[in-house]
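**Q**
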Amino acid sequence: MEKKVYFKLHKVKKQWVTIAVTGLALGLSFASLGYVSAAEQTYPTSEPTVENSIEENAIDVISPSTNEVTTKPEENKSLVTTNSSEIITETTSTESKQSVTDAATSDIGTSEINSQQALRSEVSTVTSSEVVSSETSHSETNAAHELEESPVISGGHYTSDDQGNWYYFKDGKALTGMQNIDNVNVYFDADGKQVKGDTRHVNGATYHFEKDSGQLTRNAFASDKNGNWYYLGQDGKALIGKQVIDNITLYFYPNGVQAKDAFVILDGNSYYFQKNTGQLVRDRFWSDDDGNWYYSDKEGKLLTGEQTIDGFDMYFYPDGVQAKGEIVTIGIEPYYFDKDSGHKVINTDITINGKTYHAEANGLLIETEQKLPQLPLVSGGHFQEDSLGNWYYYTATGEKLRGWQNVDGVTLYFDEEGRQAKDGERIIDGFHYYFSHYSGAVKTNYWHTWSIEIRRWEPFAKTYNIYYGSDGRRYYGWHRVGDQLYYFDHSGRVENALTTFKGQNYLFDNHGKLVKDAFYIQSLRVFAGTLNTSYRSNKFGQVLTGEHHINGDDYYFSNSGSAVTAIVTKGGKDYYYFEGKLLKNYLGPLLVRQYMDDYTYYHGIVGTDKDGRVLTGVSTANNGKLYYFENKGDIYHERYIPQMVTVTTPTWKTIDGKLYHLEPSINRTYKSGRSRTYTVREEVDIINHGVRTKTDKIKRIIDDDFGNLYYLDENNDFYIGHLLPENTDLTKIEETVIQSDNKFYAFNRTSSLSETSPLTVSKTLVYNKKAYLIDDKGVATETKLTNRFEHDDAWNWYYFDNEGKAVTGLHSIDNVTLYFDKEGKQAKGRLVEIDGQTHYFDRDSGAMWTNRTLELNGIRYVIDQNGYVTMNKPGQFIQDKDGDWAYIKENGQLATGLQIINHQKYYFDPTGKQAKGKQLLLDGKYYFFDEDTGAMFVNKFHETGDYFSKKYTYFGEDGSQIFGWATIDGKRVYFKEDGYQVRNDTYKIGGFDYFFKKDGSMLANDIDGNYKYYYADKDGHLQFGWVNHNNETYYISPPWGAEDRTYLKTINEKTYLLGPKGRLLRNTATDISWDDFCVSDENGVVKTGVIRLEDNRLYYFNPTIYMTTPFSGEWAEFDGKLYHFEMPISVSPYSKGSPITTNTTLEKDGKTYIIDENGVATEKKD
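What follows is the structure, encoded as structure tokens:
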């Protein structure tokens, strides 16, 4: 018998006690559950039984969020709570003076005393007690608790009353409390009566006094007047907690009462102590008085959940009761456990409640298919159609057929009016059947498949499948179709995707197979291609969400279960997850998935430490090198992410007031941009030198808009690579080769190819004509050098004189004539013009040449005794053997540097070669020289990049490059720090956000954008939120802007309908994407609930805004009202909706319902 699991409280017999064994008081509050602390209770002094101290139906206990158990016999009772129990906490403390009142005050809520079925009535109410360790031997407890010494009293006398009560008088007064009389410890109540054969609670501890003498009981078991048993230690105090006495494990409640025939929960584990002896049950099956079976392991813990004992699979509910003779749904899968042994039934057929099932090899129950009933053959009649297109069948005798019929060997169905069921699904006697379009024959062993177009940012098209079995009925639950096992959800659908069952998502692969305890990459068709999402399931197939530790690695999954590829902030720290995995000790590309599409975006290089925290500032990466990670980002990407600062040339940079030197990237440079999954496989082959290795790790090969391929292995190493040509000899490929989809990809690790710019350490370099000593932390400090050479980061040499200054001009050093330019750089291997004369300096030593000939770029020059370099072609451009041009001045010398020739400016390098198609830094300013003529650009744009990534720089009146704000042709424009003009993008300047249009002009007093739209005021400052423009209301989302489509936006808990550019749409009914239709009111707020459209029919719009499209004939309850839906119809060019049935009477579950003009169905009463 399959039964649902939900826990209710009952009057029961056996006691449950929950104790949290912990070293610290947790201080949790259980106030909402109605618990009370020991300090708040009044303990009864009568002899209550458990039956009259338990409040019936006191609390519902919710089943675990993992949904491990979804069925449970109703007769198996669950945890309950008494209305007089105290909140107690068992700790590892052995302090003898701590009272339970103090403990309860600090530890309230960390434990509880519950009752379970079969609690025995001899256990009285629980009172306060001292807190001791969870399991203590008798001898250990004795040493820890010595009775405090009391002064010995003598000289008084005992006396008794006529009821046999004894008193002790001293100095005319009756003694009370704990007393030492003639070296005998005794106790007197407040009225002076001596306690005999009972217990008393004194200073946080429980004591027992002997029946006859009243003497304090020590080192012995004893019972009180209610029949509760205790064990008293050497100090007379009742032991509490888990104790080993004479090698027998027992448990005593915080008031000292021994647990007998009771369950005790310690640290979340349940233990059972026997009825007569109180001994802990270990390593065996046992049953209670109600016939429920349990199993306690070697430590005495009650087993729960799935267990294998002696080779047999069994199941125990959360309260420890063994499942027998019933179906248990574990996760989403039903199993049957034998009524006698409790073993999981496998490889057999079994009938349960009139239904026949087959138990698979793993025990999964599959309902056995039924056949259509054999009906008597009807023939010789004829079909007839009425004016509405309904068909009927009349027999040869003129009788109209009704119900199920076998007409000429074809199974048909006719309703009570005789109308034949055709072309679609019908609900008959509570079962769904599908009938063919033409003949009306009931479909058997038939897949019905259809697709629904839905929102772009979710799967563009989603396919659903329904199957009708041999009896024509729609499948639900687990079934085999052919050799393939499928799960059909509550609506009968197989989606081959995430399926929700009782609020929990389950993961199915593309074949409909439940994915258990594994990763899976789900592929769904979307607008631009394929949406690939990684998920991970637990052993029940449930999709994981949140943080998890799997196979030694940390993972993070979104609320929907998708593996996160993003920077995640936790506790004020940023962590980098890729495909859900926390990357530790990582250095490589930062790929972040954005929005709801499958694209990931490259954001440069990021590093993490051993705990996965993103490195910031100056940090040491996993390769032992120092890098600078700076917060970068822009308004489009919303947040700023610490990325490695990389440079293409050696760069000095001040960071937090300290000077550092960055070395240039010497390898490939990545470009920022969008990337997407190129190939996805659950299993791929790794091939090294032709040797193939299978791996079941998740693999993704990702490409971007720039032709880069990325691949992350299980060691967090990022690889980049390329697709190999067909028929490549893999044995000769030195790179790692991955095969997927019959394609081969070669990859190199990014550690050898990545763009990295480490900080220089432990080195001396020259910067701005000054020498700097760089320490092992990368910090550069100015230092003084005298009479020595030193170089800068470009290997230019300098000479520092005896005063420590870098020399300039001509100098004779060690009798060698050298030249240092105005920056102090020594001239080597180049021509230099000095006082109008050209000289040449040796490329190795830097010495000036004299009385020699010089052949430079295929042109021969003459150098005289003064070092003058001349040529006999004055005033002419000449071309060398490599095709480069030079210019001979009127004096016959080679032109170098900046020259004005025929009113145009040109530049010649130190060797005399003319600059063409180059941007040069001259005297602190950038200039560009034409690629063809070599003339300097003046008042002219320079365009770089390809069609998809064009960039623009501008050179002004003097030919120097423009930076910052400028007005060109009457348009206000801006050039960034790198000199590129901002176009078709947002940019923050001076604390304000601006948008620059496609032509680079600043947006002002208007709305414009590309695929995101912005509004700027008259000063160009972007305004976000609600704005009014040209008598229309717009909403500009911060910081990304408005979209150029019809869409929804939730603002201050209200959802609005917005059109292109964010325009508010009022009183509008429209599609917002494929198969998403919604309606707004006069304020633009989207309506929900039952709404009447222009066709005068009612439709339901769910709280997630969109119109629902249930199956024809389905019933649904909304806001406490019952509705019935009809076949979906078109409500717009792109959307369908299911009208709500009105003004009719229908049957449901054997009951008659009247549906009014508002679509509300009410059960008809006799």
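So the sequence shown is numbered by the UniProt record's numbering: it starts at 1 and just counts up by one.
The C-beta atom is built at its ideal place from N, Cα and C for all residues, glycine as well.
Since we're looking at a predicted model, the values are computed, not measured.
How would you label Arg-1063, buried or exposed, when you count the other beta carbons within 10 angstroms and need 16 or more for buried?
**A** By the 10 Å Cβ count, Arg-1063 comes out buried.
**Q** Within a Cβ cutoff of 7 Å, which residues of the same chain sit near Ile-635, ignoring the five residues on either side of it in sequence?
**A** Annotation note: pLDDT 35 at Ile-635 (below 50); position unreliable, no value reported.
**Q** According to DSSP, is Arg-850 part of a helix, a strand, or is it coil?
**A** Looking at the sequence itself, residue 850 is Thr, so the reference to Arg does not match. If DSSP states are grouped into helix, strand and coil, Thr-850 belongs with coil.
**Q** Could you tell me the distance, in whole angstroms, from the CA atom of Thr-565 to the CA atom of Glu-579?
**A** The straight-line gap from Cα to Cα measures roughly 5 Å.
**Q** Leaving aside the five residues before and after Thr-781 along the sequence, list all residues of the same chain whose C-beta is less than 6 Å from its C-beta, in chain order.
**A** Leu-773, listed in sequence order.
**Q** Do Val-378 and Tyr-413 have their C-beta atoms within less than 8 Å of each other?
**A** Result no, Cβ atoms of Val-378 and Tyr-413 do not sit closer than 8 Å.
**Q** If the criterion is Cβ atoms closer than 8 Å, does the pair Ala-1016 and Phe-995 meet it?
**A** Yes, these two residues count as a Cβ contact at 8 Å.
**Q** Return the Cβ separation of Tyr-438 and Tyr-468 in integer angstroms, given the expectation that the two are a contact with Cβ distance under 8 Å.
**A** Actually they are not in contact, since the Cβ atoms of Tyr-438 and Tyr-468 sit about 17 Å apart, beyond 8 Å.
**Q** Less than 8 Å between the beta carbons of Gln-542 and Thr-533, yes or no?
**A** Contact flag unset, no.
**Q** Quick check: what's the CA-CA separation for Leu-1146 versus Ser-341?
**A** Straight-line Cα distance between these residues: approximately 47 Å.
**Q** Run through DSSP, which three-state label would Thr-731 get?
**A** Three-state result, Thr-731: helix.
**Q** Please look up how many angstroms separate the CB atoms of Ala-886 and Ile-863, rounded, as I've assumed it's under 8 Å.
**A** Contact flag wrong, Cβ pair sits at about 16 Å.
**Q** Where does the unbroken beta strand (DSSP E) through Thr-781 begin, and where does it stop?
**A** Looking at the DSSP string, the run of the beta strand (DSSP E) that includes Thr-781 is 780–783.
**Q** Please report how far the alpha carbon of Trp-478 lies from the alpha carbon of Thr-1055, in whole angstroms.
**A** Approximately 39 Å between the Cα atoms of the pair.
**Q** In chain order, what residues of the same chain lie with their CB nearer than 8 Å to the CB of Thr-850, ignoring the 5 residues before and after it?
**A** Contacts found: Ile-863, Asp-864, Gln-865, Asn-866 and Gly-867.
**Q** Within this structure, are the beta carbons of residue 1254 and Thr-808 separated by less than 8 Å?
**A** Limits of the chain in this structure are 1 at one end and 1166 at the other, which puts residue 1254 out of reach.
**Q** Let me know if Asp-319 comes out buried or exposed under the rule of 16 or more other beta-carbons within 10 Å of its beta-carbon.
**A** With 16 or more other Cβ atoms within 10 Å, it is buried.
**Q** Do the segment 197–212 and the segment 169–176 meet, that is, are 3 or more Cβ pairs less than 8 Å apart?
**A** Flag = no, the segment 197–212 and the segment 169–176 do not touch.
**Q** Determine the DSSP secondary structure at Pro-334, reduced to helix, strand or coil.
**A** Pro-334 falls in the strand class under three-state DSSP.
**Q** Look up Lys-1164 in the DSSP assignment and say whether it is helix, strand or coil.
**A** Of the three classes helix, strand and coil, the one that applies to Lys-1164 here is coil, per DSSP.
**Q** For Phe-383, count the other beta carbons within 10 Å of its own beta carbon; 16 or more makes it buried, fewer makes it exposed. Which is it?
**A** Exposed, by the Cβ-count rule.
**Q** Helix, strand or coil: which one does DSSP assign to Gly-1062?
**A** Gly-1062 falls in the helix class under three-state DSSP.
**Q** Helix, strand or coil: how does DSSP classify Phe-285 here?
**A** Residue state, collapsed to three classes: strand.
**Q** Assign Trp-450 to one of two classes, buried (16 or more other C-beta atoms within 10 Å of its C-beta) or exposed (fewer than that).
**A** It is exposed - the Cβ of Trp-450 has fewer than 16 other Cβ atoms within 10 Å.
**Q** Taking only three categories from DSSP, how would you classify Ala-396?
**A** Three-state DSSP puts Ala-396 in coil, outside helix and strand.
**Q** Which residue or residues does DSSP assign as beta-bridge partners of Asn-891?
**A** BP columns for Asn-891 are empty, so no partner.
**Q** Would you call Tyr-272 buried or exposed, if buried means 16 or more other Cβ atoms sit within 10 Å of its Cβ?
**A** Buried, because 16 or more other Cβ atoms sit within 10 Å of the Cβ of Tyr-272.
**Q** At what residues does the beta strand (DSSP E) containing Leu-485 begin and finish?
**A** Unbroken beta strand (DSSP E) run through Leu-485: 484–488.
**Q** Which term fits Lys-1151, buried or exposed, when burial requires 16 or more other beta carbons within 10 angstroms of its beta carbon?
**A** It counts as exposed.
**Q** Once the 5 residues before and after Thr-620 are set aside, which same chain residues still bring their CB inside 7 Å of it?
**A** Result list for Thr-620: Leu-626, in chain order.
**Q** Of all the options Thr-1142, Lys-925 and Gly-236, which has the alpha carbon lying nearest to the alpha carbon of Asn-203?
**A** It is Gly-236 whose Cα lies nearest to the Cα of Asn-203.
**Q** For Gly-1059, I'd like the list of residues in its chain whose CB is within less than 7 Å of its CB, leaving aside the five on either flank, ordered along the chain.
**A** Thr-1046 and Leu-1065, listed in sequence order.
**Q** At the level of alpha carbons, what is the spacing between Phe-519 and Ser-562?
**A** One C-alpha to the other measures close to 11 Å.
**Q** From which residue to which residue does the beta strand (DSSP E) around Asp-554 run?
**A** Here the beta strand (DSSP E) through Asp-554 covers 553–557.
**Q** Mind checking whether Ile-352 and Gly-363 have CB atoms under 8 Å apart?
**A** No.
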